[in-house]
Amino acid sequence: ESLGRGEFHHYMLKEMYEQPEIVLKEGTRPIVIPEALKDSSHITLVGCGSAFYAAWCGKYYLEQLAQRIVTLELASEFHYRNPMVQPGVTIAVSQSGETADTLKAIQYMEQKGQYTIGMVNMPYSSISRYVQYELLTRAGPEIGVASTKAFTAQLLCLLKISLTLMKEGEKKQHVLKGLQQLPMDMQKIFFKASQLQDIAQHLVHAKGIIYLGRGISYPIALEGALKISELSYIHGQGFAAGELKHGPLALIDGLTPVVVVAPMDQFFEKTVSNIYEVCAREGKVFVITDEAGATQLAGVPVQDIFVYPSPKAWELHPFLSVLSLQLIAYYTALHKGCSIDQPRNLAKSVTVE
Ligand code: G6P
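Read left to right, the sequence shown gives residues 241 to 593 (the UniProt record's numbering).
This is the structure:
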């Protein structure tokens, strides 16, 4: 695709709009994975920033679908620990393939005898050259500093690996069918973007915003908080919804908006009880959920509910919820007049430790 912005005001907006197309194209492309990955019962995932949160979602996929033992490591901390390493495979997740900390982590693992895989968006990168096997996420060049389509392509690649490692059967067919429907469902979010603009209007004067999620929606909440911080310079902080009572509840004051990622999955009811806890303390709650979740939320005194189409399987919620959170961050930054494609103090790839 073209490297220009075309009709879009920002690269970030263009890149968000490219996501359904990426899922359409890459969702059905067969993935070839090395024998070492097929044979390994233990997989380590490393990354930084958004790539780390994508890897975190990948941990859920690989554990639940592929029944693997998965260790998740933040690359920027990992090599300082001099950790013990068991035999296995390490996957470095990185858009640029140039992040110094991620490269260091994968080098450490290689020296410890691990089979190394680079899941990168940029071919011929430093990580690509270093690892034994390269898996391309094929999102196309990402210009906006805050990652959007590269994140989604990483999610998809991790899901595809997990499906490849998974036993044949009904469940697998079910997720694969759901993947076919996913691009259309993502597209529908753009048709409702004006509601996300309204939500952004409510967030624009906040000093801080809390993001909550449970299960795979927890790393998505963290990614949502990172996006709002990067783009709008509002302090976004994500918490596991189950941790609310262990501290964050003290922050609820009616001035700090709370964005809750609450898809209809096995954790829905528990997350709804968190919503009640926040509302009872006059917290202003914005819920991101699907159609099935929304039907259960009638009468809950929240500020607003953004509803996306219900996907066929829990594995597909992150694609829809993260897109909603990306758009909220984008519009909030737009309302504030921030430098969207090049947020202050940030760089697209960080080649220093
Ligand atoms: C920078 C970018 C982030 C990105 C992170 C990791 O901080 O601003 O958007 O998630 O690096 O980059 P990588 O290229 O390794 O995915």
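Note that CB positions come from ideal geometry on N, CA and C, so glycine has one too.
Bear in mind the structure is a predicted one, so any value in this text is a computation, not a measurement.
Pull up the distance between the alpha-carbon of residue i and that of residue j, whole angstroms please.
i: residue 392; j: residue 559; result: 6 Å
i: residue 580; j: residue 252; result: 7 Å
i: residue 460; j: residue 446; result: 21 Å
i: residue 383; j: residue 539; result: 42 Å
i: residue 373; j: residue 419; result: 26 Å
i: residue 378; j: residue 266; result: 8 Å
i: residue 296; j: residue 257; result: 24 Å
i: residue 488; j: residue 458; result: 15 Å
i: residue 255; j: residue 525; result: 28 Å
Looking at the structure shown, is residue i part of a helix, part of a strand, or coil, going by DSSP?
i: residue 313; result: strand
i: residue 439; result: helix
i: residue 406; result: coil
i: residue 334; result: strand
i: residue 392; result: helix
i: residue 495; result: coil
i: residue 533; result: helix
i: residue 282; result: strand
Residue i: buried (16+ other C-beta within 10 angstroms of its C-beta) or exposed?
i: residue 275; result: exposed
i: residue 241; result: Here residue 241 scores only 46 on pLDDT, less than 50, and its place in the model is too uncertain to base an answer on.
i: residue 371; result: buried
i: residue 454; result: buried
i: residue 305; result: buried
i: residue 324; result: exposed
i: residue 330; result: buried
i: residue 375; result: buried
i: residue 320; result: exposed
i: residue 463; result: buried
Looking only at C-alpha atoms, which of the options sits nearest to residue i?
i: residue 425; options: 584, 588 and 564; result: 564
i: residue 272; options: 366, 398 and 300; result: 398
i: residue 415; options: 326, 467 and 557; result: 557
i: residue 508; options: 402, 452, 318 and 308; result: 452
Can you determine whether any heavy atom of the ligand ATP sits closer than 7 Å to the C-beta of residue i, and answer yes or no?
i: residue 587; result: In the structure on display, the ligand ATP does not appear, and the ligands it does have are the ligand G6P.
Worksheet item: Is there contact between the region 478 to 485 and the region 527 to 534, where contact requires at least three CB pairs shorter than 8 Å?
Response: no
Worksheet item: Are the region 279 to 296 and the region 332 to 344 touching, with three or more C-beta to C-beta distances below 8 Å?
Response: yes
Worksheet item: Counting pairs of Cβ atoms below 8 Å between the region 492 to 507 and the region 405 to 413, do you hit three or more?
Response: no
Practice prompt. Pair every Cβ in the region 428 to 441 with every Cβ in the region 501 to 508, then say whether three or more of these pairs are closer than 8 Å.
Written response: no
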